[in-house]
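Participant: Below is one structure. I have some questions about it.
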Amino acid sequence: MSSTPLTAPVGSSARGQDPSHVLAAVQAPRIAIESVQPTLDQGRFAAKAIVDEPVKVTARIFADGHDLLAAAVCWYDATDRRHREPMQPAHPAGLDIFEGRFTPRGIGRHRFFIEAWWDTYASYCHELSKKHQAGVPVGLELEEGRRELVRAIERSEGELREALEASHERFRLLGSDAERVALLLDADMVQLMHEADARPHLTRSDAIYPLDVERPKARFSSWYELFPRSETDTPQRHGTFKDVHKRLPLIRDMGFDVLYFPPIHPIGLTHRKGPNNTLEAGPDDPGSPYAIGSEEGGHEAIHPELGTRDDFRDLVRAAADHGLEVALDFAIQCSPDHPWLKEHPGWFSWRPDGSIRYAENPPKKYQDIVNVDFYAEEAIPSLWVELRDVVQGWVDEGVKIFRVDNPHTKPLPFWEWLIADIRDRDPSVIFLSEAFTRPNMMLRLGKLGFTQSYTYFTWRNTKPELTEYLEQLNASPLREGFRPNFFVNTPDINPYFLQSSGRPGFLVRAALATLGAGAWGMYSGFELCEGEPVPGKEEYLDSEKYEIRPRDYTAAGNISYEIAQLNRIRRENPALQTHLGLAFYPVHNDRLLFFGKRTETRDNFILIAVSLDPFEPQEGAFELPLWEFGLPDEAALHGEDLMSGYRWTWQGKWQSMRLDPAHLPFAIWRIRPVR
Numbered sequence: 011m012s013s014t015p016l017t018a019p020v021g022s023s024a025r026g027q028d029p030s031h032v033l034a035a036v037q038a039p040r041i042a043i044e045s046v047q048p049t050l051d052q053g054r055f056a057a058k059a060i061v062d063e064p065v066k067v068t069a070r071i072f073a074d075g076h077d078l079l080a081a082a083v084c085w086y087d088a089t090d091r092r093h094r095e096p097m098q099p100a101h102p103a104g105l106d107i108f109e110g111r112f113t114p115r116g117i118g119r120h121r122f123f124i125e126a127w128w129d130t131y132a133s134y135c136h137e138l139s140k141k142h143q144a145g146v147p148v149g150l151e152l153e154e155g156r157r158e159l160v161r162a163i164e165r166s167e168g169e170l171r172e173a174l175e176a177s178h179e180r181f182r183l184l185g186s187d188a189e190r191v192a193l194l195l196d197a198d199m200v201q202l203m204h205e206a207d208a209r210p211h212l213t214r215s216d217a218i219y220p221l222d223v224e225r226p227k228a229r230f231s232s233w234y235e236l237f238p239r240s241e242t243d244t245p246q247r248h249g250t251f252k253d254v255h256k257r258l259p260l261i262r263d264m265g266f267d268v269l270y271f272p273p274i275h276p277i278g279l280t281h282r283k284g285p286n287n288t289l290e291a292g293p294d295d296p297g298s299p300y301a302i303g304s305e306e307g308g309h310e311a312i313h314p315e316l317g318t319r320d321d322f323r324d325l326v327r328a329a330a331d332h333g334l335e336v337a338l339d340f341a342i343q344c345s346p347d348h349p350w351l352k353e354h355p356g357w358f359s360w361r362p363d364g365s366i367r368y369a370e371n372p373p374k375k376y377q378d379i380v381n382v383d384f385y386a387e388e389a390i391p392s393l394w395v396e397l398r399d400v401v402q403g404w405v406d407e408g409v410k411i412f413r414v415d416n417p418h419t420k421p422l423p424f425w426e427w428l429i430a431d432i433r434d435r436d437p438s439v440i441f442l443s444e445a446f447t448r449p450n451m452m453l454r455l456g457k458l459g460f461t462q463s464y465t466y467f468t469w470r471n472t473k474p475e476l477t478e479y480l481e482q483l484n485a486s487p488l489r490e491g492f493r494p495n496f497f498v499n500t501p502d503i504n505p506y507f508l509q510s511s512g513r514p515g516f517l518v519r520a521a522l523a524t525l526g527a528g529a530w531g532m533y534s535g536f537e538l539c540e541g542e543p544v545p546g547k548e549e550y551l552d553s554e555k556y557e558i559r560p561r562d563y564t565a566a567g568n569i570s571y572e573i574a575q576l577n578r579i580r581r582e583n584p585a586l587q588t589h590l591g592l593a594f595y596p597v598h599n600d601r602l603l604f605f606g607k608r609t610e611t612r613d614n615f616i617l618i619a620v621s622l623d624p625f626e627p628q629e630g631a632f633e634l635p636l637w638e639f640g641l642p643d644e645a646a647l648h649g650e651d652l653m654s655g656y657r658w659t660w661q662g663k664w665q666s667m668r669l670d671p672a673h674l675p676f677a678i679w680r681i682r683p684v685r
């Protein structure tokens, strides 16, 4: 906190100033509290946190003079109960940084602020100790200490007063200055005086800062995306929710914990798209599930060929029995056949000739989709409330995770309101933003309440690109307001890297995603190394968005085992359950990426090496980060290969590696000091 400078108005005389200005100056804070973290935009938005994990709070706190300061972080939990934890000066000294921690024990909106005050007794002890050690007579200082003790007694009561009175009596009976100094500097005495502190010049931070505390899956989760209609043995038969049941054990065994479905709602007939996004659909073509709505219903309904609502409920329960949580797509777009067009035509945009405006993203055209107009006169507030009720209806069905389609094309105030409204009633609900757009917009959506976001990871392939992006995600303001979900592919994105890199390329991207972020995801077919593109485009040939695609998930060359291993290693190592705590280390090869992830206490420290070349072996010398453990260059570290289980001891800082894509293009080593 910093006070506003007091300046006399231009042309006025300071001598003739109203005395109230002086009183205002006298009452202004003498302590500055600045650079509070974790915060976003000075408290306009809530920073992100995870339940049962310590929240580290820091601030720059200083004042005039040389007296010592004390500080505390005060916080309100989701039930508005107030708590308080002390803050301590952080190292290195001289930077005025104070640090404290508190651990939220429940999910929901929390708030915190910082208090600071002159620590009179600590300042006194500091001076007394210095003089006594220097052999300076301290008789007068001892009398000052006794008087401080008396004042503390006068403002205390109960057991604290009794303990202070007993200390005063001991002080009076002691026969030497050295004994009295020892009593006044004793840790128990310091604690008693701290409890009785009058906290002079108490100052509070300028704001009470919000904090969104979410469940662990908000930060650490593994997503598997599939189209239920493709869970069939022939393209001529539409898959159902009941068909998905047989896939649950395989998805579980690969280590996934979120099963995500594209829209499961009725699909319109008007302008229905055919195979490969053609404009003419045949009578048996299923259409795009993103053209939501038909005479069977809209966003609240289930496509009749997938099954009944009871079938969906059974699937949600069965998935939970396999450790999988079902996530649904929330796509605010409609087929021209959506019931809302008849019931609420004022919710949509119409052209001068009376036709409805369909969706476009030039050069792409989506003739099978029309968009609502959030700010149409008839849409406020009825459309907003209807969309909220759609989400709440699926929450009531047990769905607590939503992937939101293109949220950056909808009003920001709408998302801030909807997410807060849903999470006020159920703070366990998670929203994933599918916003491949400008960096500022992606961050803003995180600030507004989106739990996770798709990222630029999909297009980061070289060592400089990956290094720069992962470091950005670990730095402010992204670390406070943006949680990445590293999807390796989507039904909309067939990355160029995967189109030609073969099985090793899929392993490279799987390793980068699973080990670089706490949340990651993949679209079905990735485990089969599917990558055939529409020539010259990042799109899948024979895209599943427009047709039913049965698969043999046991086909030769699949990487299901390696994916299962990666997810197992993530579960067993806390350092890999977040994108934070990451640092890059030197390796002498531009085709090798080498980084470490560690818990704050370094009791779990993982080294990751990934070859970015899916075709040729790569090798290089690298630095073993002995300094992270405070060890000299010649020290030793124990290593364990988490993919093979092999163990060894490294001696010295410089080591070498070789990664062969024909075998495995990455390595994961858990390290610890030799005891």
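My numbering numbers the first residue of the sequence shown as 11 and each following residue consecutively. Ideal Cβ placement from N, Cα and C applies to all residues, glycine included.
Just mark S463 as buried or exposed, buried being the case when its beta carbon has 16 or more other beta carbons within 10 Å.
Facilitator: Taking the first residue of the sequence shown as position 1, residue 463 is located at position 453. When all chains shown are included, S463 counts as buried.
Participant: Below 8 Å between beta carbons: does that hold for V684 and L647?
Facilitator: To locate residue 684, count along the sequence shown from 1; it is residue 674. To locate residue 647, count along the sequence shown from 1; it is residue 637. Contact: yes.
Participant: Between R578 and D263, what straight-line distance do the alpha-carbon atoms span, to the nearest angstrom?
Facilitator: In the sequence shown, the residue the question calls residue 578 occupies position 568. In the sequence shown, the residue the question calls residue 263 occupies position 253. Each residue's Cα considered, the two are about 10 Å apart.
Participant: Spell out the partners DSSP gives G528 in its beta bridges.
Facilitator: On the sequence shown, residue 528 is found 518 positions in, with the first residue counted as 1. DSSP, once it has assigned bridges, lists no residue as partnering G528.
Participant: Once you ignore the five residues that flank T14 on each side, which residues in its own chain have a CB closer than 7 Å to its CB?
Facilitator: As a first step, residue 14 is located in the sequence shown; it is residue number 4 there, counting from the start. Residue placement at T14 is poorly supported in this model, since its pLDDT is 39, which falls under 50; the coordinates are not used for a value here.
Participant: Measuring only the C-alpha atoms, how far is H120 from E95?
Facilitator: One-based indexing of the sequence shown puts residue 120 at position 110. One-based indexing of the sequence shown puts residue 95 at position 85. One C-alpha to the other measures close to 15 Å.
Participant: Would D339 pass as a contact of F271 if the rule is Cβ separation under 8 Å?
Facilitator: The residue given as residue 339 occupies position 329 in the sequence shown. The residue given as residue 271 occupies position 261 in the sequence shown. In this structure, F271 lies closer than 8 Å to D339 by Cβ.
Participant: Do A645 and N614 have their beta-carbon atoms positioned less than 8 Å apart in this structure?
Facilitator: The count along the sequence shown starts at 1 and reaches residue 614 at position 604. The count along the sequence shown starts at 1 and reaches residue 645 at position 635. No, they are not a contact pair.
Participant: Near F516, which residues of its chain fall below 7 Å by C-beta distance, leaving aside the five closest residues on each side in sequence?
Facilitator: To locate residue 516, count along the sequence shown from 1; it is residue 506. Correct list, in chain order: L508, F536, C539, I569.
Participant: For the 8 Å Cβ check, are there 3 or more pairs between the segment 99 to 119 and the segment 64 to 80?
Facilitator: A contact exists between the segment 99 to 119 and the segment 64 to 80.
Participant: Mark E490 as exposed unless 16 or more other C-beta atoms lie within 10 angstroms of its C-beta, in which case mark it buried.
Facilitator: For this step, residue 490 is matched to residue 480 along the sequence shown. Buried, by the Cβ-count rule.
Participant: Tell me whether the segment 30 to 40 and the segment 201 to 209 touch, counting them as touching only if at least three CB pairs, one residue from each stretch, are closer than 8 Å.
Facilitator: Result no; under three Cβ-Cβ pairs closer than 8 Å.
Participant: Can you name the start and end residues of the beta strand (DSSP E) that Y270 belongs to?
Facilitator: The sequence position of residue 270 within the sequence shown is 260, counting from 1. Residues 268 to 271.
Participant: Mark H589 as exposed unless 16 or more other C-beta atoms lie within 10 angstroms of its C-beta, in which case mark it buried.
Facilitator: In the sequence shown, residue 589 corresponds to position 579, counting from 1. So H589 ends up on the buried side.
Participant: Taking only runs that begin and end inside the segment 520 to 585, name each unbroken beta strand (DSSP E) of 3 or more residues, in chain order.
Facilitator: The segment 520 to 585 contains these whole beta strand (DSSP E) runs: 529 to 533.
Participant: Could you say which of L617, T280, E626 lies nearest to P635 if we only look at CA atoms?
Facilitator: As a first step, residue 635 is located in the sequence shown; it is residue number 625 there, counting from the start. Of the candidates L617, T280, E626, the one whose C-alpha sits nearest the C-alpha of P635 is L617.
Participant: So M203 is in the alpha helix (DSSP H); what residue range does that whole segment cover?
Facilitator: As a working mapping, residue 203 is identified with position 193 in the sequence shown. First-last of the alpha helix (DSSP H) with M203: 197 to 205.
Participant: Please confirm if the segment 421 to 438 is in contact with the segment 456 to 474, defined as three or more CB-CB distances below 8 Å between the two stretches.
Facilitator: Taking 8 Å as the limit for Cβ pairs, the verdict is that the segment 456 to 474 does touch the segment 421 to 438.
Participant: Measure the alpha-carbon distance for G21 versus D28 and round it to whole angstroms.
Facilitator: On the sequence shown, position 11 is the one that residue 21 refers to. On the sequence shown, position 18 is the one that residue 28 refers to. Annotation note: pLDDT 45 at G21 (below 50); position unreliable, coordinate value reported separately. About 15 Å.
Participant: Are the CB atoms of F384 and A521 within a distance shorter than 8 Å?
Facilitator: Position 511 of the sequence shown, counting from 1, holds the residue named residue 521. Position 374 of the sequence shown, counting from 1, holds the residue named residue 384. Contact: no.
Participant: In this structure, how does DSSP classify L184 when only helix, strand and coil are distinguished?
Facilitator: Here residue 184 refers to the residue found at position 174 of the sequence shown. Of the three classes helix, strand and coil, the one that applies to L184 here is coil, per DSSP.
Participant: Rank G284, N287, E235, L260 by C-alpha distance to the C-alpha of P273 and give the top, closest one.
Facilitator: For this step, residue 273 is matched to residue 263 along the sequence shown. Answer by Cα proximity: E235.
Participant: From D415 to C344, what does the alpha carbon distance come to, in whole angstroms?
Facilitator: Numbered from 1 along the sequence shown, position 405 holds the residue referred to as residue 415. Numbered from 1 along the sequence shown, position 334 holds the residue referred to as residue 344. One C-alpha to the other measures close to 12 Å.
Participant: When DSSP labels each residue in this structure, what does H313 get in the three-state scheme?
Facilitator: Within the sequence shown, numbered from 1, the residue matching residue 313 stands at position 303. It is coil, neither helix nor strand.
Participant: Candidates L105, V268, R435, L170: which alpha carbon is nearest G403's?
Facilitator: Taking the first residue of the sequence shown as 1, we reach residue 403 at position 393. Nearest option by C-alpha distance: R435.
Participant: Taking Y219 as the reference, which of R161, I302, P48 has the closest Cα?
Facilitator: As a position in the sequence shown, residue 219 is number 209, starting the count at 1. Out of R161, I302, P48, P48 has the C-alpha closest to the C-alpha of Y219.
Participant: Excluding sequence positions up to five away, which residues of its chain have a Cβ less than 7 Å from the Cβ of E290?
Facilitator: Along the sequence shown, read from residue 1 onward, the residue named residue 290 stands at position 280. Excluding positions up to five away in sequence, the list reads G284.
Participant: In chain order, what residues of the same chain lie with their CB nearer than 6 Å to the CB of L221, ignoring the 5 residues before and after it?
Facilitator: Reading the sequence shown from its first residue, position 211 is the one you call residue 221. Taken in chain order, the residues that qualify are A56, A57, A59, H120.
Participant: Where do the ends of the alpha helix (DSSP H) carrying E444 lie?
Facilitator: Here the question's residue 444 lines up with position 434 in the sequence shown. E444 -> not in any alpha helix (DSSP H); beta strand (DSSP E) instead, spanning 440 to 444.
Participant: Since W85 is in the beta strand (DSSP E), which residue starts that stretch and which ends it?
Facilitator: Within the sequence shown, numbered from 1, the residue matching residue 85 stands at position 75. Counting along the chain, the beta strand (DSSP E) containing W85 begins and ends at 79 to 86.
Participant: So, I71 versus L79, is the Cβ gap smaller than 8 Å?
Facilitator: Within the sequence shown, residue 71 is the residue found at index 61, counting from 1. Within the sequence shown, residue 79 is the residue found at index 69, counting from 1. Yes. Within cutoff.
Participant: From the DSSP output, in three-state form, read off T419 for me.
Facilitator: For the purposes of this step, residue 419 is identified with residue 409 of the sequence shown, where counting begins at 1. Reduced to three states, the DSSP call for T419 is helix.
Participant: When the Cα atoms are used, what is the spatial distance from E154 to F181?
Facilitator: Taking the first residue of the sequence shown as 1, we reach residue 154 at position 144. Taking the first residue of the sequence shown as 1, we reach residue 181 at position 171. Taking the straight line from one Cα to the other gives about 13 Å.
Participant: What ranges does the alpha helix (DSSP H) occupy inside the segment 325 to 409, keeping only unbroken runs of at least 4 residues that lie completely in it?
Facilitator: Whole alpha helix (DSSP H) segments, 4+ residues: 349 to 353, 392 to 406.
Participant: Taking the DSSP output, what are the residues bridged to Q628?
Facilitator: Against the sequence shown, residue 628 aligns to sequence position 618. Its beta-bridge partners are L669.
Participant: Nearest by alpha-carbon distance to D502: which of G308, V401, Q246, N286 is it?
Facilitator: Taking the first residue of the sequence shown as position 1, residue 502 is located at position 492. Checking every option, the nearest Cα to that of D502 belongs to N286.
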